[in-house]
Structures are given as C-alpha cells and as structure tokens.
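Asker: Residue numbers (this note's numbering): 1 to 484.
Provided herewith is a single structure, encoded as structure tokens, for subsequent inquiry.
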Ligand code: GLN
C-alpha cells in the first residue's frame, strides 16, 4: 500500500475490507519518521503506545465490531496539547521536562475513537510564530521544499500530514497557526468557531483567540476530525452548549444555496502575484459553478495585525506568568523567589516569547492601558462588526467569504527571522477570523505533488457555528476540481 495516497476515508474503507492491518500502516508511518532526518515534524514519538493501539484496532476488525472513522488512523498532536504521561513542551525549554498530568479534552475524545497517536508535533515556542523557527528545539522543514519553512506555529502538525508522517493532526490557531501552515504545506487546516472545541488542556497563548482544530489531506478528513473533537465541555467555560451539525456529511443541495462574498480589502494588501492569481482562480471555480459571488467590504482589516499584537501580547503576558519556576518548570537552585523567577524565566524563555511578554506587560500597565489595550478592544469590535455586516445583509448578506490565507507562499528558512514585523504581516488575512471568533478553513487551490511546485491555499470563512457551510463548500470545490 502507498501511504502517500491514503486519506482517512480511504484508510477506513480499506481497513474494514482487511486490505491491510492498522499495525502495518502504523509501522509504515513510524518507518517514515525514523528514516527522516530533514523534515522532523515530531518533538516526541509515541511509537510503543501507537503500536499497542493499532494492535487493539486490529482486534476490533477481527471481531467485526463497528468502529469510529478515526479508529486506527495515525495522528499527530501539537505539542502544546496535554497528553497524560507524555512530555509536553509547547516548543519551549522552560517546559523541557514537563510531563502532561492529564489528557486534554480533545485528546480524550480522540483516544475514545481508538485513533493511533503517533507523536507530539513541533511548534513555535508557545505557539508564537509563523515559521516554526521559534521552536526552542529545532526547525521543522516544509516537505515540498526543505529549504523553506512549513509555516507556524502548527508547522510540525502540517508537515506531519503533508510529508506522510501522519494521516491527520491537531493544531491550534490564535492568529492563523492552523491555516497558514496548511496553506504552506498544501493540505487542509480548519480553525473552528471560538467555543466549539474545548481548550481544556491546551497551553494557553491568548485565551480569547485560541482554538484547537484539525489538519487533513482533504476537507472531508479535516471534517471527520472536527466532528470528533467538537462540542461542549464542562472544563472550558467558553465552550458552547448546543447541537453541532455533522460537518463531514456532504449536502450538495445545501451548498448550492449559499451566497459567497469576496472582501475587496484583502486584495488591496501587498500580496505576491502568483498567490493572488491562484486565489482568483479558486474564486472563479465557484463563479463558474453557478454560485452567486459578491464583492464585500471589510474596511477595518488593515488594523488587524496592530490590534492583534496588543491583545494577544496582553493575554500572553498574563497566561505565561504561571511559568515562574515554582509550580511549573522548577529547575533553579536559587533560594529567593525573585532569583528563582529571574533564573527560570530568563533562561527558559526564548527571544520572541520575551519580546511578547514585555510588550503585553507594557500595554496593560497603568497609564498605558487605555491608550493601547482598551483602544485595541474597541478596534477588535469594529473588525467583528465588519463581518456581522457582511453576513447580516447590511453589506451584502453573504453566507461565507472566500479569501487568501497568506500574502506569500512558504518562504525560505531564515528569510524573515530577523525582521519580526515582516513575520507578523504573514497573518494579516488570518487574524480577523480569530478576532470575530469565526470558523475558517484553508484548503489548497489544487493538488501539489511533493517536490514539484510550492502550494497556495485559499480560505473559506463562515458564520459562527456554521462549520458545515464552509466544510461543505470546501468539499464541493474539491469535487469540482478533482482534488479530493
Ligand atoms: N503567527 C501568529 C503569531 O505569531 C499566530 C500564532 C498562532 O495562531 N498561534 O502569533
């Protein structure tokens, strides 16, 4: 069997027909991982536990019991998501020796399906970055071109799926960290509506923006994972109670009723020519397919990055206060509290993390709070209102929005590392959906075989809790273009 051609769907069908065993597939993925010295998507590989789970699934197949679509599916989990008994570093030296004390709710849900968790994937330290170069351990590379970054911060998860180290993965998205690496690696990545997936057990970056979401080779695969992890959780006060429609079920009639919007402002920003051309191609597929596609306006888009670096840093500086050498990350020999703090945080955090803690502490400090933090919250509201107007009819009345994901294709390792502002601008098209808490999926414009051409993705942004709309639109696009 050729694992390059597998999808979760095909894997499930073939497993049930006994064309291969779950253990054979798990072994094939572990072999790819062991032979690789270049892409390196995993910080920790859980090979023994993975093989044990695969054997268990083979037992279920033998007994002929009904199984979840993820049973036996090899998955990667971003290393800022806790797994009981497994090292969880969040890409930081400060958590180098930290062992997860419990399973995050998403991990618990995934384990209940008997998916095979292969390992914990690399990320920018505390999910701060767009290239994986801020990982305290090493740089994961893009499987399409190893001189380039896989994107970030969930670069390890995206590279694991694109490079055939896993069949699906979980990542987290605060300002684009699922969608940007999905776009750079030529796969599908979805940021769910804020509150639709539990954040319990996710190492927090910015709690009002963070969401856990899936990666897959196809929209359907990503939808299968999303359907597994979504839903209310008593352990996360921001998770929403309610009915969640199955997103992985394709409903052509429903899709064809949806009206689409294209935000003018997203094409006025600096963007590489071949990226804008590719995104326009994707939009044309929808137009030719008979969809009503309208131009809309999201006028406050241009403020998104500046506002993000106030709100996200403010929340990050508070969240990261817990890494003080007392409860977590105790490796200081010093005696006074102040010296323990200084040593643990001074040595444990990398430059980007320190930069953001300083910035966040500053914008929250008395005398500056109103000028920065409060003002940023007001602009966040304006950005949210832009979307509400677009969806509500005041400004077009669309059901979903088609947009670019990033202004460039995957850039070279090292190209932007010394210019944080250039790096921050990679997120201009992804941050707004986090501010408004909207679901958004990034999918490749076409199929990009490894090593041939650098992938480009486009984004479908939906109304809150309308994951079914965006995933079904994505499935329509894949069917129409033969990319599923
Ligand atoms: N690249 C953005 C940042 O550096 C987004 C990170 C994320 O979504 N976790 O903050």
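For every residue, glycine included, the Cβ atom is placed at its ideal position computed from N, Cα and C.
Our contact map puts residue 22 next to residue 72 with C-beta atoms below 8 Å; I'd like the distance itself, whole angstroms only.
Answerer: About 3 Å separates the two Cβ atoms, so the contact holds.
Asker: Below 8 Å on the Cβ atoms is my contact criterion, and I expect residue 76 with residue 169 to pass it. Report the Cβ-Cβ distance as a whole number of Å.
Answerer: Contact flag correct, Cβ pair sits at about 4 Å.
Asker: Taking the straight line between their C-alpha atoms, what separation do you get for residue 35 and residue 26?
Answerer: So the alpha carbons of these two residues sit roughly 14 Å apart.
Asker: Of the residues 199, 143, 163, 171, which one's Cα is nearest the Cα of residue 28?
Answerer: The shortest Cα separation from residue 28 among 199, 143, 163, 171 belongs to 163.
Asker: Would you call the region 402-412 and the region 137-155 in contact, with 3 or more CB pairs under 8 Å?
Answerer: In short, these stretches touch, since the Cβ pair count reaches three.
Asker: If we require 4 or more residues per run, which alpha helix (DSSP H) segments fall completely within the region 391-418?
Answerer: Counting only runs of 4 or more, we get nothing.
Asker: Which stretch, first to last residue, makes up the alpha helix (DSSP H) that contains residue 12?
Answerer: Counting along the chain, the alpha helix (DSSP H) containing residue 12 begins and ends at 8-16.
Asker: Is residue 308 closer than 9 Å to residue 424 when the C-beta atoms are compared?
Answerer: In contact: residue 424 and residue 308 (Cβ atoms closer than 9 Å).
Asker: Under the rule that 16 or more other beta-carbon atoms within 10 Å means buried, what is residue 57, buried or exposed?
Answerer: Buried, by the Cβ-count rule.
Asker: What do you reckon, are the CB atoms on residue 197 and residue 216 nearer than 9 Å?
Answerer: No, these two residues do not count as a Cβ contact at 9 Å.
Asker: Verify the contact flag: residue 172, CB atom, against every heavy atom of the ligand GLN, threshold strictly below 8 Å.
Answerer: Because some heavy atom of the ligand GLN lies under 8 Å away, the Cβ of residue 172 counts as near it: yes.
Asker: Are three or more beta carbon pairs between the region 429-440 and the region 292-307 nearer than 8 Å?
Answerer: Yes: the two stretches touch, three or more of their Cβ pairs being nearer than 8 Å.
Asker: Alpha carbon to alpha carbon, how far is residue 317 from residue 352?
Answerer: Distance between the alpha carbons of residue 317 and residue 352 is about 12 Å.
Asker: Please tell me whether residue 311 and residue 390 are closer than 9 Å, where the distance is taken between their beta carbons.
Answerer: Against a cut-off of 9 Å, the Cβ pair of residue 390 and residue 311 comes out as no contact.
Asker: Which runs of the alpha helix (DSSP H), 4 residues or longer, sit entirely within the region 269-330?
Answerer: 273-288, 304-319, all fully within the region 269-330.
Asker: Over the uninterrupted beta strand (DSSP E) stretch that includes residue 160, give me the two end residues.
Answerer: Note, residue 160: premise wrong, no beta strand (DSSP E); alpha helix (DSSP H) at 155-162.
Asker: Among 134, 422, 81, which residue has its Cα nearest to the Cα of residue 109?
Answerer: Closest by alpha carbon: 81.
Asker: Within the present structure, is the beta-carbon of residue 138 separated from the nearest heavy atom of the ligand GLN by less than 8 Å?
Answerer: Incorrect: residue 138 has no Cβ contact closer than 8 Å to the ligand GLN.
Asker: Taking residue 225 as part of the alpha helix (DSSP H), name the residues at either end of that continuous run.
Answerer: Taken as a continuous stretch (DSSP letters only), the alpha helix (DSSP H) holding residue 225 covers 219-229.
Asker: Any contact of the region 465-472 with the region 237-251, i.e. 3+ C-beta pairs under 8 Å?
Answerer: Result yes; three or more Cβ-Cβ pairs closer than 8 Å.
Asker: DSSP puts residue 215 in a beta bridge; with which residues?
Answerer: According to DSSP, residue 215 bridges with 169, 189.
Asker: Any heavy atom of the ligand GLN within a distance shorter than 8 Å of the CB on residue 127?
Answerer: Yes, the ligand GLN has a heavy atom inside 8 Å of this Cβ.
Asker: Indicate whether the contact test is met: 3 or more Cβ pairs, each with one atom in the region 176-192 and one in the region 433-445, closer than 8 Å.
Answerer: Yes: the two stretches touch, three or more of their Cβ pairs being nearer than 8 Å.
Asker: DSSP has residue 78 in a bridge; who is on the other side?
Answerer: 121, per the DSSP bridge assignment.
Asker: Assuming contact is defined by CB atoms lying nearer than 9 Å, are residue 165 and residue 344 in contact in what I supplied?
Answerer: Their beta carbons are not under 9 Å apart, which means residue 165 does not touch residue 344 by this criterion.
Asker: In the DSSP assignment, what are the bridge partners of residue 42?
Answerer: Beta-bridge pairing links residue 42 to 121.
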